[in-house]
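For the sequence shown, the positions run 5 to 750 when the numbering used here is used.
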Amino acid sequence: MQIKKHAGIIFILLAVFFAFSPSLQNNFTNWDDESHLLDNPAVLSLAPNNFIQIFTQMVNNTYIPLTTLSFAVEYHFFKFNPFVYHLDNLILHLWITFLVFGLAQRLGLNLYAALAAALLFGIHPMHVESVAWVTERKDVLYGLFYLLAINSYLDYKKNNQRKIYFLSIFFCLLSILAKPMALSLPLILLLCDWFGQRQFTKSLFIEKIPYVLIVVPVALITFILNTHASERSFVEGVMIWFWSLTFYIQKFIFPYPLVPLYSLPKPVVFSNWPYLLSALTVVITTSTAIFSRKNRWVIFAFGFYFFSIFFLLRFDESKDISLVADRFMYLPSIGYCLLWGWGLGKIDLSFPRKRESLTRVFRSPIEAFGDGKKLLQFGFIGLYLFLGFQTFNQCKVWKDGLTLWSVVIEHFQDIPLAYYNRGKAYEYEKQPKEALIDYTQAIKLRPDYAEAYTNRGGIYQEEHRYELAQADLNKALSINPNFDKALNNRGIIYNNIRSYDLAIVDFTKAIAINPSFDRAYNNRGLSLFYLKSYERALLDFNQAILLNPTYADAYFNRANLHKTMGNNSLSLDDYAKTLAFNPQNLKAYLNRANLYGAMGEYDLAIADYNTLLKFDPNSGEGHNNRGVVYQAKGEYQLALADFKRSLAINPRFSPAYANLGNIYTETEDFDQAIESYTKALAIENESATLYYRRAIAFIGQKDYTKALEDALKAKSLGYPDMDIFVVKLEKMMVGVGKDSLPKTSP
Numbered sequence: 005m006q007i008k009k010h011a012g013i014i015f016i017l018l019a020v021f022f023a024f025s026p027s028l029q030n031n032f033t034n035w036d037d038e039s040h041l042l043d044n045p046a047v048l049s050l051a052p053n054n055f056i057q058i059f060t061q062m063v064n065n066t067y068i069p070l071t072t073l074s075f076a077v078e079y080h081f082f083k084f085n086p087f088v089y090h091l092d093n094l095i096l097h098l099w100i101t102f103l104v105f106g107l108a109q110r111l112g113l114n115l116y117a118a119l120a121a122a123l124l125f126g127i128h129p130m131h132v133e134s135v136a137w138v139t140e141r142k143d144v145l146y147g148l149f150y151l152l153a154i155n156s157y158l159d160y161k162k163n164n165q166r167k168i169y170f171l172s173i174f175f176c177l178l179s180i181l182a183k184p185m186a187l188s189l190p191l192i193l194l195l196c197d198w199f200g201q202r203q204f205t206k207s208l209f210i211e212k213i214p215y216v217l218i219v220v221p222v223a224l225i226t227f228i229l230n231t232h233a234s235e236r237s238f239v240e241g242v243m244i245w246f247w248s249l250t251f252y253i254q255k256f257i258f259p260y261p262l263v264p265l266y267s268l269p270k271p272v273v274f275s276n277w278p279y280l281l282s283a284l285t286v287v288i289t290t291s292t293a294i295f296s297r298k299n300r301w302v303i304f305a306f307g308f309y310f311f312s313i314f315f316l317l318r319f320d321e322s323k324d325i326s327l328v329a330d331r332f333m334y335l336p337s338i339g340y341c342l343l344w345g346w347g348l349g350k351i352d353l354s355f356p357r358k359r360e361s362l363t364r365v366f367r368s369p370i371e372a373f374g375d376g377k378k379l380l381q382f383g384f385i386g387l388y389l390f391l392g393f394q395t396f397n398q399c400k401v402w403k404d405g406l407t408l409w410s411v412v413i414e415h416f417q418d419i420p421l422a423y424y425n426r427g428k429a430y431e432y433e434k435q436p437k438e439a440l441i442d443y444t445q446a447i448k449l450r451p452d453y454a455e456a457y458t459n460r461g462g463i464y465q466e467e468h469r470y471e472l473a474q475a476d477l478n479k480a481l482s483i484n485p486n487f488d489k490a491l492n493n494r495g496i497i498y499n500n501i502r503s504y505d506l507a508i509v510d511f512t513k514a515i516a517i518n519p520s521f522d523r524a525y526n527n528r529g530l531s532l533f534y535l536k537s538y539e540r541a542l543l544d545f546n547q548a549i550l551l552n553p554t555y556a557d558a559y560f561n562r563a564n565l566h567k568t569m570g571n572n573s574l575s576l577d578d579y580a581k582t583l584a585f586n587p588q589n590l591k592a593y594l595n596r597a598n599l600y601g602a603m604g605e606y607d608l609a610i611a612d613y614n615t616l617l618k619f620d621p622n623s624g625e626g627h628n629n630r631g632v633v634y635q636a637k638g639e640y641q642l643a644l645a646d647f648k649r650s651l652a653i654n655p656r657f658s659p660a661y662a663n664l665g666n667i668y669t670e671t672e673d674f675d676q677a678i679e680s681y682t683k684a685l686a687i688e689n690e691s692a693t694l695y696y697r698r699a700i701a702f703i704g705q706k707d708y709t710k711a712l713e714d715a716l717k718a719k720s721l722g723y724p725d726m727d728i729f730v731v732k733l734e735k736m737m738v739g740v741g742k743d744s745l746p747k748t749s750p
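Shown next as structure tokens:
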């Protein structure tokens with residue numbers, strides 16, 4: 005029997021793993037993965053001080069410190085590798101599937117019935133959302149400890165060992181720290197007591213007091229933070245409540261289509277068929293419960309579902325919160341899975357023992373299906389295969405944000421949040437036109453959507469359409485004057501149009517609203533940097549980095565500030581940190597290479613230019629600046645090649661023409677030098693330096709008249725020490741002091 009048990013469990017776990025295997029190829033999504041993980045500074049360190057932040061932080065108004073801690077452990081070892089997070093979710097789901105099997109056996113199901121129940125739970129497509137969505141680590145983590153608490157409690161009741169009772173309480177604590185949905189645990193334990201036919205004595209209720217004291221405070225905080233006044237009438241609220249109650253039963257029985265976000269059926273009237281169907285489902289469910297009231301398994305299944313889903317049932321829709329969601333059915337479905345296993349356990353579905361009988365079944369399907377038992381066998385196998393196939397495909401819905409929200413929009417075209425989030429996904433994929441279309445549609449569906457106005461304004465800003473951007477941000481702030489992101493984005497516009505004082509006002513307001521707004525500190529630091537208020541800028545960059553130790557842009561801006569202030573070693577340290585957190589920051593490579601060049605560290609400079617040009621071979625500035633370093637090293641052919649490559653990329657890049665002229669002057673190819681300087685002046689005709697350098701080239705040609713013209717022009721444009729230069733040049737024109745003029749320097 006033990007061999008069959010182990011073989012059955014292994015088979016189930018392998019089947020579940022295969023059904024969910026596409027999730028291992030998924031990326032993160034732009035639905036709460038940012039706030040829970042990618043943009044959550046609490047996950048970036050396992051230092052003791054960081055534990056305080058983890059256990060005092062609310063994420064999206066929900067207290068889930070254990071979930072955040074699990075992310076922090078993964079980040080410590082694997083950074084933001086999505087495979088690891090998805091794999092861990094799947095491992096937790098496999099563990100829970102095993103615990104469902106254990107619960108089934110503890111409640112009295114035989115081996116095959118327990119395996120059938122666990123398999124149904126393991127591969128049911130309604131559970132994809134809880135497993136394939138990284139953010140829903142909450143579900144699989146709280147579910148794990150929830151079931152450990154139940155199984156430990158049942159073991160305690162069987163063996164009367166107090167240490168197991170306290171272990172169950174400990175698992176209860178871990179469960180509520182992973183997700184507030186563990187609030188239902190004391191009710192489920194009472195349901196298990198009823199199922200085990202225990203008398204409801206005073207001591208039985210006293211046993212549950214520690215569980216209640218653990219779960220209620222956390223759940224109450226979450227409830228208070230997320231409660232809102234209903235905008236529906238009492239009758240509408242009741243219809244919505246019954247619709248949401250029966251929604252999960254309907255989807256569990258027929259899990260298609262499964263969508264990450266559902267739209268409330270409208271209008272909310274009894275004649276609308278979804279509400280008629282929900283009423284019919286309530287009647288059927290209630291009748292079944294009454295008819296089967298003596299069957300403890302039926303009552304247990306309905307009770308398990310109702311008690312664990314009750315706290316998630318709502319009376320109206322919210323603009324930003326799911327009214328119903330597949331993930332809400334993750335643990336509440338266990339009762340129905342156990343009922344399914346019990347039902348199958350009442351049917352003899354064993355396959356033929358004799359080899360010839362089994363051969364006959366597969367040789368003659370018609371003959372096999374003529375046997376009702378065989379028909380049931382193949383029917384149940386087909387059902388499991390169908391569910392596994394659905395799960396396999398449903399995992400692909402969570403591939404990334406773009407795929408996810410496209411699926412939602414395919415089924416529901418009236419959800420503003422779906423268009424808004426797909427717009428964000430398009431932005432991430434560098435498709436601003438598509439993002440604009442989606443943000444506009446979100447605004448059309450919800451005219452007071454401040455977030456959509458803000459993001460659309462951000463795209464206009466990137467396209468330098470500042471009037472449209474400012475109009476959208478002003479609209480967002482008229483809707484929500486305390487919207488910190490809109491203030492920050494409007495400040496960025498002011499920075500771009502060099503209205504730095506106005507920018508500082510907006511950034512300061514954003515910081516007052518959200519003191520942890522690292523980007524606002526960084527952006528205000530930029531404003532102060534542009535105003536040459538270097539010490540204040542440094543304070544802001546430091547604060548941004550303190551709030552977000554992996555903030556690459558803040559390190560980059562602080563590096564530039566240190567460079568400007570002459571703190572080269574500090575600047576180099578910050579460029580290194582910039583590239584550690586964002587190896588794709590090409591400007592950091594360029595600026596650090598420029599700094600190395602200025603410091604005479606030519607080989608280090610060339611190494612950075614090489615890296616830059618590996619990422620971006622068409623960086624005209626990169627080729628030009630590397631050419632300057634080659635020139636400083638005396639490697640003129642390499643320098644010439646870089647300057648010419650720079651001009652092939654951008655024929656109007658005057659510094660490359662100027663640098664060509666410098667090399668030609670140094671190598672006394674004055675005709676080429678004059679031609680290069682002339683081309684540079686055609687682009688930049690008010691450059692005193694270029695006129696001065698061309699004057700030197702004309703001197704090399706002994707064309708003193710043109711040299712004097714350029715020298716006088718350079719003098720009029722403010723080139724230093726030109727009075728002495730002009731006097732010496734005039735002497736040269738009459739044959740005196742021909743060697744007294746400098747050549748030039750690159």
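The C-beta atom is built at its ideal place from N, Cα and C for all residues, glycine as well.
Can you tell me whether Gly638 is buried or exposed? The criterion is at least 16 other CB atoms within 10 Å of its CB, across all chains shown.
With fewer than 16 other Cβ atoms from the protein chains shown falling within 10 Å of its own Cβ, Gly638 counts as exposed.
Between the beta-carbon of Asp646 and the beta-carbon of Gly631, is there less than 8 Å?
yes
Mapping DSSP to helix, strand and coil, what is Thr582?
helix
So which of Asn459, Gln635, Tyr600 and Glu625 has the shortest CA-CA distance to Arg752?
There is no way to answer for residue 752, as the model of the chain reaches only from 5 to 750.
By the three-class DSSP mapping on this structure, what secondary structure does Val738 have?
coil
Compare the C-alpha of Val216 against each of Asn654, Leu158 and Ser172 and name the closest.
When each option's Cα is compared against that of Val216, the closest is Ser172.
Can you tell which of Asp143, Ile13, Asn85 and Pro26 has the C-alpha that lies nearest to the C-alpha of Leu42?
Asn85
Output the distance between the C-alpha atoms of Glu38 and Phe258, rounded to the nearest integer angstrom.
Taking C-alpha positions only, Glu38 is separated from Phe258 by approximately 32 Å.
Just verifying my parser: in three-state terms, what is the DSSP assignment at Thr66?
Strand at Thr66.
Could you check what DSSP says for Gln705 in three-state terms: helix, strand or coil?
coil
In angstroms with no decimal places, state the Cα-to-Cα distance between Glu321 and Gly241.
10 Å
Quick one: what does DSSP say Met130 is sitting in, helix, strand or coil?
helix
DSSP state of Leu491, grouped into three classes?
helix
Would you say Trp35 and Thr101 are within 8 Å of each other, going by their C-beta atoms?
no
Only counting runs of 4 or more residues, tell me where the alpha helix (DSSP H) segments fall wholly within the region 490-534, in order along the chain.
504-517 and 522-534
Going by C-alpha to C-alpha distance, which of Lys206, Leu491, Asn518 and Phe521 sits closest to Ala507?
Leu491
Helix, strand or coil for His468 per DSSP?
coil
Apart from the five residues just before and just after Ile313, which ones in its own chain have a Cβ nearer than 6 Å to its Cβ?
Pro336
Using the three-state DSSP reduction, which class does Leu151 fall into: helix, strand or coil?
Helix, per DSSP.
I'd like to know if Thr72 contacts chain D, where contact means its C-beta is closer than 8 Å to some C-beta of that chain.
The chain inventory of the structure shown lacks chain D, comprising one protein chain alone.
Can you give me the C-alpha to C-alpha distance between Ala684 and Ala592, rounded to a whole angstrom?
27 Å
Ignoring anything shorter than 4 residues or poking outside the region 62-126, list the alpha helix (DSSP H) runs there in chain order.
69-82 and 86-110
Output needed for Ala609: all residues of its chain with C-beta closer than 7 Å, excluding positions within five of it in sequence on either side, in chain order.
Ala597, Tyr600, Gly601 and Val633
In whole angstroms, give me the CA-to-CA distance for Ile294 and Phe332.
26 Å
Starting from Tyr668, follow the alpha helix (DSSP H) in both directions and report where the run begins and ends.
Ser658 to Glu670
Just to confirm, are Thr33 and Leu391 a CB contact at a threshold of 8 Å?
no
Count Cβ pairs between the region 418-427 and the region 447-467 that sit closer than 8 Å; are there 3 or more?
yes
Mind checking Asp418: buried by the 16 CB within 10 Å criterion, or exposed?
exposed
May I ask you to verify whether the region 261-279 touches the region 397-415, counting CB pairs closer than 8 Å and requiring at least 3?
yes
In this structure, does DSSP put Gly624 in helix, strand or coil?
helix
What are the boundary residues of the alpha helix (DSSP H) that Gly307 is part of?
Arg300 to Ile313
Which of the three DSSP states is assigned to Ile168 in this structure?
helix
Quick one: Cα of Thr582 to Cα of Phe545, how far?
13 Å
Go to Gly770, then tell me how far its alpha helix (DSSP H) extends in each direction, as first and last residue.
The requested residue 770 does not occur in the structure, where the chain is confined to residues 5 to 750.
Whole angstroms are fine: how far does the CA of Phe382 sit from the CA of Phe373?
Here Phe373 scores only 48 on pLDDT, less than 50, and its place in the model should not be relied on; the value that follows carries that caveat. Cα to Cα, the separation comes out at about 9 Å.
Measure the alpha-carbon distance for Lys735 versus Leu642 and round it to whole angstroms.
38 Å
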